[in-house]
Amino acid sequence: MRLSNEKYEEIKNTVIDTFEQYNVKCIPISGFEIATKMGLKIIPYSSLNEKQREMSMKYSSDGYSIETQNEWRIYYNDSCKCYGRINQTIMHEVGHFVLGHIDGGEEEESEAKFFAKYALAPPPLIHNICKDIEPDTIKKTFNISYQAAYLAYQYYRNWLQFGNRNYTNYEEKMLSLFNFNIA
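This note's numbering puts the first residue of the sequence shown at 872, with every later residue one more than the last.
As structure tokens, then:
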């Protein structure tokens, strides 16, 4: 589902505000670190009993989040061998929490997907960190899956082609957090 341009801008601002609030300023960006700093409980599927694990896998092969007894819990499939995919899942669930999602509908899923994509490999950081900007370089630099790196690469190319020639205020704030001189 395509979101409005205003919604994308709002989510990008929210990502950077989250980085600032939780002192995120190093690459690769960790969904685990942010979730932990927020006080979210992170639970691997392997810690569940067999029946709970089966139910969790039926619900989502990657992960999901729920609020129970005023505690936000993120459950994730730790049998996945790709750390980048697991980190993407955690960041996606952090997105649901930060964006105040309750319903779990198609729009909320699109918002959380974009939150994770932008948080893990934002175009301004790709532009300022990577020398050879290709999916494989993005994958290694940001420790994300190849699929996520390819999508980040495409998003980066669009950002270059269609974005403003100058950094936005939130992009400047992000670059400052990560200690890049934007003069």
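All residues carry an ideal CB built from backbone N, CA and C; glycine is no exception.
Owing to the predicted nature of the structure, the values given are computational and were not obtained by experimental measurement.
Look at the beta carbons and you see the segment 875-882 not touching the segment 896-911: under three pairs across the two are nearer than 8 Å. At the C-beta level, isoleucine 945 and glutamate 925 stay beyond 7 Å of one another. For proline 993, the three-state secondary structure derived from DSSP is coil.
In the three-state scheme derived from DSSP, where H, G and I count as helix and E and B as strand, glutamate 1005 is classed as coil. In this structure, the straight-line span from the alpha carbon of tyrosine 1041 to that of asparagine 958 is close to 23 Å.
Distance from the CA of aspartate 1007 to the CA of glutamine 1018, rounded to the nearest whole angstrom, comes to 10 Å. Beta-bridge partners of tyrosine 935 (DSSP): Tyr946.
Across the structure, tyrosine 1021 and tyrosine 954 are spaced so that their CA atoms are roughly 16 Å apart. Per DSSP, lysine 912 is one residue of the beta strand (DSSP E) stretching across 912-915. Within the model, the alpha-carbon separation for proline 995 versus isoleucine 898 is close to 13 Å.
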